[in-house]
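Asker:
Next up, the structure:
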């Protein structure tokens with residue numbers, strides 16, 4: 079997170095893939111991979127990450143949050159399908175027209191995983207999109223670059239399509255911001 083403060087004015091893409099919980103005060107915590115009941119010292123509150131992204135010098139920022147994993151960690155907080163609602167509320171409090179947040183699912187939904195362990199459906203399609211498959215998606219112009227609009231549309235279409243066919247409920251990624 080500290081590296082965000084030294085980011086240049088170049089566009090920023092920051093991808094976070096981690097389970098998250100909501101603590102008893104309503105704060106979202108990003109958990110590390112080896113979280114245990116006593117590992118709170120290495121966890122990161124989401125508001126700290128959002129603040130760091132907001133205050134970095136880049137004028138165009140894409141924060142990709144793959145944090146709505148369906149796994150409870152009751153001792154650290156409660157898993158909730160409301161994480162995306164809290165993210166949307168926190169985003170509305172941020173005055174940064176250059177910030178776009180792409181969340182793995184919409185409010186009230188869970189993020190699904192592929193058969194491979196430790197791999198989210200959302201993360202898989204984000205990777206495909208960033209590797210070039212999203213270039214021109216939703217438009218007829220392929221220019222060798224993937225825009226935020228193209229990536230968001232590609233990921234939303236692919237994740238929603240996959241979840242309709244292979245998951246017990248829909249997963250529709252949510253885009254916050256319009257930069």
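Residue numbers (the working numbering): 79 to 257.
Note that CB positions come from ideal geometry on N, CA and C, so glycine has one too.
State whether the region 160-172 contacts the region 219-226, with contact taken as three or more CB pairs (one from each stretch) at a distance under 8 Å.
Answerer: With a cut-off of 8 Å, the region 219-226 and the region 160-172 do not count as touching, because too few Cβ pairs lie within range.
Asker: Measuring alpha carbon to alpha carbon, tell me which of 168, 179, 123, 246 ends up nearest residue 204.
Answerer: In the chain shown, counting from the first residue as 1, residue 204 sits at position 126. Out of 168, 179, 123, 246, 179 has the C-alpha closest to the C-alpha of residue 204.
Asker: In angstroms, rounded to a whole number, what distance separates the CA positions of residue 191 and residue 166?
Answerer: Along the chain shown, read from residue 1 onward, the residue named residue 191 stands at position 113. Along the chain shown, read from residue 1 onward, the residue named residue 166 stands at position 88. Rounded to the nearest angstrom, the two C-alpha atoms are 23 Å apart.
Asker: Taking the C-alpha atoms as reference points, what is the distance between residue 108 and residue 202?
Answerer: The residue given as residue 108 occupies position 30 in the chain shown. The residue given as residue 202 occupies position 124 in the chain shown. So the two alpha carbons sit approximately 20 Å from each other.
Asker: Buried or exposed for residue 187, going by 16 or more other Cβ atoms inside 10 Å?
Answerer: As a position in the chain shown, residue 187 is number 109, starting the count at 1. Buried is the call here.
Asker: Taking all protein chains shown into account, decide if residue 144 is buried (16 or more other Cβ within 10 angstroms of its Cβ) or exposed.
Answerer: Taking the first residue of the chain shown as position 1, residue 144 is located at position 66. Per the 10 Å Cβ criterion, buried.
Asker: Identify which residue in 147, 171, 194, 128 has its Cα closest to the Cα of residue 141.
Answerer: Locating residue 141 in the chain shown gives position 63, where the first residue counts as 1. Of the listed residues, the one whose Cα sits closest to residue 141 is 128.
Asker: Below 8 Å between beta carbons: does that hold for residue 130 and residue 79?
Answerer: For this step, residue 130 is matched to residue 52 along the chain shown. For this step, residue 79 is matched to residue 1 along the chain shown. In this structure, residue 79 lies closer than 8 Å to residue 130 by Cβ.
Asker: For residue 136, which residues of its own chain have a beta-carbon under 8 Å away from its beta-carbon, when the five flanking residues on both sides are left out?
Answerer: Residue 136 sits at position 58 when you count from the first residue of the chain shown. 85, 86, 87, 88, 89, 90, 176, listed in sequence order.
Asker: Write down the C-beta distance between residue 238 and residue 248 rounded to the nearest angstrom, noting that I regard them as a contact closer than 8 Å.
Answerer: As a first step, residue 238 must be located in the chain shown, where it is residue number 160. As a first step, residue 248 must be located in the chain shown, where it is residue number 170. Residue 238 to residue 248, Cβ: 6 Å. Contact.
Asker: Excluding the 5 residues flanking residue 245 on each side, which residues of the same chain have their C-beta closer than 7 Å to its C-beta?
Answerer: Taking the first residue of the chain shown as position 1, residue 245 is located at position 167. Here the set comprises 190.
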